[in-house]
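The sequence shown begins at 329 in our numbering and counts up by one.
All C-beta atoms in this analysis are idealised placements derived from N, C-alpha and C, irrespective of residue type, glycine included.
Take a look at the structure below.
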Amino acid sequence: MTTAQPQNNAVVAAYGRNYARFALEQKIHCVPVDDHEEQNYDSVNDILRQLLGGPDRGVILPRIRLSSDAEVLDCGYGKGAWIDSVLNLSPDALCTGVDIFTGVGDDEVDNDDDVADEDEEERGIEVFTKKRWNLNAPFREDRSEDRLTPQTFDLINSRLLADGIDNDRWPSFVRDLHALLKPNGWVQMVEFHSMFQSSTGRPTVFLQDWWNRYARILQVTRKDPRVGPRLRQLMANAGFVDIQYRQIPCPMGAWDQDRAVLGRQALPVCQEMLRDVSEYLFKAVGRMEASEFDRLIAGAQEELARPELRIYLTV
329 MTTAQPQNNA VVAAYGRNYA RFALEQKIHC VPVDDHEEQN YDSVNDILRQ
379 LLGGPDRGVI LPRIRLSSDA EVLDCGYGKG AWIDSVLNLS PDALCTGVDI
429 FTGVGDDEVD NDDDVADEDE EERGIEVFTK KRWNLNAPFR EDRSEDRLTP
479 QTFDLINSRL LADGIDNDRW PSFVRDLHAL LKPNGWVQMV EFHSMFQSST
529 GRPTVFLQDW WNRYARILQV TRKDPRVGPR LRQLMANAGF VDIQYRQIPC
579 PMGAWDQDRA VLGRQALPVC QEMLRDVSEY LFKAVGRMEA SEFDRLIAGA
629 QEELARPELR IYLTV
């Protein structure tokens with residue numbers, strides 16, 4: 329049985345936002361794809377870059393320098409924020425981005441990749457090779473001319489796929505990444521553990537409720553909301569060596585004086601993220617009333633901002 333694949337960039341409107349039709353049909357990364365979300369992707373990329381090592385070190389995590397003809401793969405590239413950062417560091421790198429949606433997302437029918445490329449060129453976004461593919465399918469199922477082939481890439485980036493990769497796909501997905509690497513190539517994997525926690529140990533009401541609902545619905549849609557801590561073992565089982573694994577807390581707000589600037593930047597982004605990643609899932613899948621959802625999000629956003637709770641998110 330083959331895995332369903334997106335045939336176009338069809339978009340549907342729901343709850344005042346635009347979503348990729350295929351994403352909603354398959355329950356894969358049910359997050360808006362409109363212009364507003366592109367700004368959020370840029371902000372998340374900037375925060376991760378700072379959290380993981382700074383403007384340069386936070387982009388390419390292994391201590392390697394890409395050659396001028398290096399081939400780079402980004403799995404789940406979103407709006408291309410990470411690839412844009414790579415090309416700023418290595419303008420001649422040959423980058424490929426894989427995602428289920430490769431369009432712009434501002435129209436209800438958005439299935440023209442050429443229009444998307446022209447729009448990005450006008451806005452100064454680096455152009456790269458885009459491949460529309462459902463990562464839940466093994467790459468060996470791909471019979472297209474632009475299929476990804478073994479031992480092709482020097483660097484592979486896999487980032488924030490917990491709500492997109494089926495739980496039972498993760499082991500073979502990581503093995504696929506290993507197969508796509510050139511000898512001595514590198515894979516970097518980054519995931520949020522979306523359970524916001526208090527470093528004081530004090531309980532939260534709305535954030536805990538949000539997490540319980542989010543984790544439960546992801547499990548209903550066959551996803552693993554706790555895949556982050558599994559990455560090291562998944563990579564070891566796939567045959568990777570020299571595995572480096574870290575868990576890094578990202579503060580919400582300025583309560584951590586050593587990282588107050590980062591925390592102030594992360595707070596509004598994560599407040600927005602609470603709504604964006606859960607609105608469709610809670611309302612359409614979980615059958616949550618709009619008024620109840622609004623109360624939950626407002627309460628969770630307020631708890632994120634309370635300095636006495638010292639809330640953080642683990643990456």
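Residues that residue i bridges to, as DSSP identifies them
| i | result |
| --- | --- |
| LEU422 | GLU399 |
| ARG587 | None; ARG587 has no bridge partner. |
| HIS521 | THR642 |
| TYR347 | VAL340 |
| LYS355 | None; LYS355 has no bridge partner. |
| PRO579 | TYR640 |
| LEU509 | PHE481 |
Residue i versus residue j - alpha carbon distance
| i | j | result |
| --- | --- | --- |
| HIS357 | ASN512 | 31 Å |
| ALA626 | VAL597 | 14 Å |
| SER418 | LYS551 | 34 Å |
| LEU590 | GLY614 | 33 Å |
| ALA588 | LEU509 | 38 Å |
| SER396 | GLY404 | 24 Å |
| ASN464 | ILE493 | 6 Å |
| LEU624 | THR480 | 46 Å |
| ARG634 | LYS355 | 33 Å |
| LEU483 | ASN346 | 32 Å |
| ALA564 | ASP570 | 9 Å |
| ARG638 | TRP583 | 6 Å |
| HIS521 | ILE576 | 10 Å |
| PHE534 | THR528 | 17 Å |
| GLN525 | GLN536 | 8 Å |
| ARG391 | SER619 | 48 Å |
| SER472 | VAL515 | 24 Å |
| GLN410 | ASP384 | Checking the displayed sequence, the identity of residue 410 turns out to be Trp instead of Gln. TRP410 and ASP384: Cα-Cα distance of roughly 11 Å. |
| THR457 | PRO499 | 26 Å |
| THR331 | ASP586 | 47 Å |
| MET517 | ASN485 | 6 Å |
| ASN373 | ALA341 | 25 Å |
| LEU379 | ALA612 | 33 Å |
| GLY382 | THR424 | 23 Å |
| ASN416 | TYR573 | 26 Å |
| TYR343 | VAL548 | 21 Å |
| ARG468 | GLU617 | 42 Å |
| VAL455 | VAL432 | 13 Å |
Where residue i falls: helix, strand or coil (DSSP)
| i | result |
| --- | --- |
| PHE610 | helix |
| LEU380 | coil |
| TRP410 | helix |
| ALA342 | strand |
| ALA444 | Confidence at ALA444 is low in this model, with a pLDDT of 49, below 50, so the placement of that residue should be treated as unreliable; the coordinate-derived value is given next. ALA444: helix per DSSP, three-state reduction. |
| GLY386 | coil |
| TRP514 | strand |
| GLY452 | Low confidence applies to GLY452: its pLDDT is 46, below 50, so where it sits in the model is not reliable enough to give any reading. |
| ALA490 | coil |
| PRO499 | helix |
| ASP482 | strand |
| PRO635 | helix |
| ARG530 | coil |
| ARG460 | strand |
| PRO596 | helix |
| ASP667 | What the structure shows of the chain is the stretch from 329 to 643, and residue 667 is not part of that stretch, so it cannot be assessed. |
| ASP427 | strand |
Beta-carbon separation (whole angstroms), residue i vs residue j, contact threshold 8 Å
| i | j | result |
| --- | --- | --- |
| ALA543 | PHE429 | In fact, because the Cβ distance is near 24 Å, the residues do not count as touching under 8 Å. |
| ASP504 | PRO466 | 6 Å |
| ASP434 | ASP362 | 6 Å |
| PHE621 | GLU607 | 7 Å |
| VAL414 | ILE388 | 7 Å |
| ASN579 | TYR640 | Note on residue identity: the sequence assigns Pro, not Asn, to residue 579. 5 Å between Cβ atoms; contact. |
Contact set for residue i: own chain, Cβ-Cβ below 8 Å, skip 5 residues either direction
| i | result |
| --- | --- |
| GLU519 | ARG487, LEU488, LEU489, ALA490, VAL555, GLY556, LEU559, VAL643 |
| ASN368 | VAL597, GLU600, MET601, ASP604 |
| ASP470 | TRP461, LEU476 |
| PRO531 | none |
| ASP496 | ARG550 |
| GLY386 | LEU376, ARG377, GLN378, LEU379, LEU380 |
Nonlocal neighbours in the same chain, by C-beta distance under 6 Å from residue i, ignoring five residues either side
| i | result |
| --- | --- |
| LEU422 | GLU399 |
| PRO334 | PHE350, ILE428, ARG460 |
| LEU394 | SER418, ALA421 |
| ARG451 | Because ARG451 carries a pLDDT of 46, less than 50, the predicted location of this residue cannot be relied on, and the following value inherits that uncertainty. Answer for ARG451: no residue qualifies. |
| MET523 | TRP539 |
| GLY406 | TYR369 |
| VAL426 | CYS403, LYS459, TRP461 |
Cβ-based neighbour list, residue i, same chain, cut-off 7 Å, excluding 5 preceding and 5 following
| i | result |
| --- | --- |
| VAL359 | GLU365, ASP604, VAL605 |
| ARG541 | PHE610, GLY614 |
| GLY567 | HIS506 |
| VAL502 | LEU562, MET563, ALA566 |
| ALA652 | Shown here, the chain extends from 329 to 643; a query on residue 652 therefore has no answer. |
| GLY581 | GLY591, ARG592, LEU595, ALA633, PRO635 |
| ASP474 | LYS459 |
| GLU353 | none |
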